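The block underneath contains the structure these notes are about, expressed in structure tokens.
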Amino acid sequence: MRARDLAEDLPTVGPDDDALQAAQLIAGERLPAIAVLDDGRHPVAVLRASEVLRFVIPGYVQEDPSLARVLDEASADGCASELLGKRVRDLLPGPDRKVALAVVDGDATVVECAAEMARLGSPLLVVVDGEQVRGLLTVSHLLEVLLPMPDSPAGQPRGADRRSPR
Numbered sequence: 022m023r024a025r026d027l028a029e030d031l032p033t034v035g036p037d038d039d040a041l042q043a044a045q046l047i048a049g050e051r052l053p054a055i056a057v058l059d060d061g062r063h064p065v066a067v068l069r070a071s072e073v074l075r076f077v078i079p080g081y082v083q084e085d086p087s088l089a090r091v092l093d094e095a096s097a098d099g100c101a102s103e104l105l106g107k108r109v110r111d112l113l114p115g116p117d118r119k120v121a122l123a124v125v126d127g128d129a130t131v132v133e134c135a136a137e138m139a140r141l142g143s144p145l146l147v148v149v150d151g152e153q154v155r156g157l158l159t160v161s162h163l164l165e166v167l168l169p170m171p172d173s174p175a176g177q178p179r180g181a182d183r184r185s186p187r
């Protein structure tokens, strides 16, 4: 099975898209991350859900999580306001925390995909054929294919027959 067989047609965003809408898309689709594509539909970054959290949770709370207990619900609700007027590019890690872009060729095997995810610590791979984005592969889908699941016949990996709409 190849990466192109596993790639799914998941939503993407552009660097200049609204940050709040991108965060809502990540939350609404229950994605671990979302691919950021430029105007030519070339991958430029992966915005992880954890980066959204890093942006909206005050730095002093991240440094000392015990302070989170003193924030009331109104303060917690206000965290999302940090995204107002921001663009996706504002949420991407800076040069000091730059993350390598997780891209694999459509011919990559399941193990190659897993190795790349593990190496980069990325929950999402962008699958390309040449310069064309073929789709996206989440870590949960990859694990579903790699691991035998209790409800599958004869211990076969579940999800191996799951296909992208392409």
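Residues in the sequence shown are numbered from 22 upward in steps of one, following the working numbering.
Note that beta-carbon positions come from the ideal geometry of N, C-alpha and C, so glycine has one too.
As the structure is a prediction and not an experimental result, all values here were calculated from the model.
Asked, Found
"Distance, E84 Cα to I78 Cα", "10 Å"
"Nearest neighbour of L27, chosen from A95, E152 and D128 [CA to CA]", "D128"
"Exposure label - R140; buried when at least 16 CB within 10 Å", "exposed"
"Nearest residue (CA-CA) to V236, options V154, E165 and S102", "Residue 236 lies beyond the residue range present for the chain, which begins at 22 and ends at 187; the question has no answer from this structure."
"Simplified DSSP assignment, three categories, for A123", "coil"
"Boundaries (first-last residue) of the beta strand (DSSP E) holding D150", "L145 to D150"
"Assumed close pair A101, L41 - CB separation to whole angstroms, cut-off 8 Å", "7 Å"
"Any C-beta of chain B under 8 Å from that of P114", "The chain inventory of the structure shown lacks chain B, comprising one protein chain alone."
"Span of the beta strand (DSSP E) around A66", "P64 to R69"
"Cβ-Cβ distance between L157 and A135 below 8 Å", "no"
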